[in-house]
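Student: Sequential numbering from -16 applies to the sequence shown in my numbering.
Think of the CB as a built atom: it goes at the ideal place given N, C-alpha and C, for glycine as much as any other residue.
Just so we're clear, the structure is a prediction, and the values are computed from it rather than from any experiment.
A single structure is presented below for examination.
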Amino acid sequence: MKPLNYLYEAIYVAGAGERGRGVFAGSAIKKNTIIEISPVIVMSKKDRVLLDQTLLHDYIFEWGENRDQCCMALGYVPIYNHSTRSNCEYEMNFRKQTILVRTIRAVAAGDELFINYHGDWNSEKPVWFESK
């Protein structure tokens, strides 16, 4: 099986001001380019209760068809910052236990890469930390 070609080497983590750290484009990236495929560690609803009491609460994703589990993505996925005007989207593959990140528009070198934490790249629904 031929490995999937993606741009993991063209992205990097750096300081993102008030947002802490973020993921940035090391070079220009075309629209609809897969930039990362991250394996995940799937955890139960019971584990989620414990994780919600830790800093990891801010980095886990709801998981499963019924969203009754959670996962911790490996790679850079937990570091992407949120924007309602994201330039990337993510797709969860429950069977393969991966999260794929792809650009939804062209990105210039040095630009920060954003995902929408609601899973829908153009959702304008507020996220939990915006209502505090």
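When burial is assigned at 16 or more other CB atoms within 10 Å of the CB, is Thr85 buried or exposed?
Tutor: With the sequence shown as reference, residue 85 is identified as Arg, and Thr is not the correct amino acid for it. Classification of Arg85: buried, given that the 10 Å Cβ count is 16 or more.
Student: Within the chosen definition, does the region 37 to 55 reach the region -6 to 1 through at least 3 CB pairs nearer than 8 Å?
Tutor: Cβ pair count under 8 Å is below three, so no.
Student: Would you list the one or two residues that DSSP bridges to Leu96?
Tutor: DSSP output for Leu96 lists Val6 as bridge partner(s).
Student: Please go through the same chain and pick out, in chain order, the residues whose beta-carbon is closer than 6 Å to the beta-carbon of Arg2, but skip the five residues on each side of it.
Tutor: Contacts found: Asn64.
Student: Which residue comes first and which comes last in the beta strand (DSSP E) that contains Leu33?
Tutor: No beta strand (DSSP E) holds Leu33; the alpha helix (DSSP H) holding it covers Lys28 to Leu34.
Student: Residues in its own chain within less than 8 Å of Asn76 by CB, not counting five upstream and five downstream?
Tutor: Excluding sequence neighbours, Asn76 sits near Ile82 and Leu83.
Student: Once DSSP output is grouped into helix, strand and coil, what is the label at Ala(-3)?
Tutor: In the structure shown, Ala(-3) sits in a strand (DSSP, three-state: E or B).
Student: Any idea which residues DSSP pairs Glu19 with across the strands?
Tutor: Paired residues: Val84.
Student: Of all the options Leu38, Arg78, Gln80 and Tyr59, which has the alpha carbon lying nearest to the alpha carbon of Leu96?
Tutor: Among Leu38, Arg78, Gln80 and Tyr59, the Cα nearest to that of Leu96 belongs to Tyr59.
Student: Along the chain, where does the beta strand (DSSP E) containing Asn76 start, and where does it finish?
Tutor: Asn76 -> beta strand (DSSP E) spans Cys71 to Asn76.
Student: Within 10 Å of its beta-carbon, does Ile12 have 16 or more other beta-carbons around it, so buried, or fewer, so exposed?
Tutor: With 16 or more Cβ atoms within 10 Å of its Cβ, Ile12 is classed as buried.
Student: Report all residues from its chain with a CB closer than 7 Å to the CB of Glu48; omit the five preceding and five following residues, and keep chain order.
Tutor: Excluding residues within five positions, the ones whose Cβ falls inside 7 Å are Phe77.
Student: Going by CA-CA distance only, name the one from Thr67, Asp51, Ile62 and Gln36 that's closest to Phe7.
Tutor: Among Thr67, Asp51, Ile62 and Gln36, the Cα nearest to that of Phe7 is on Ile62.
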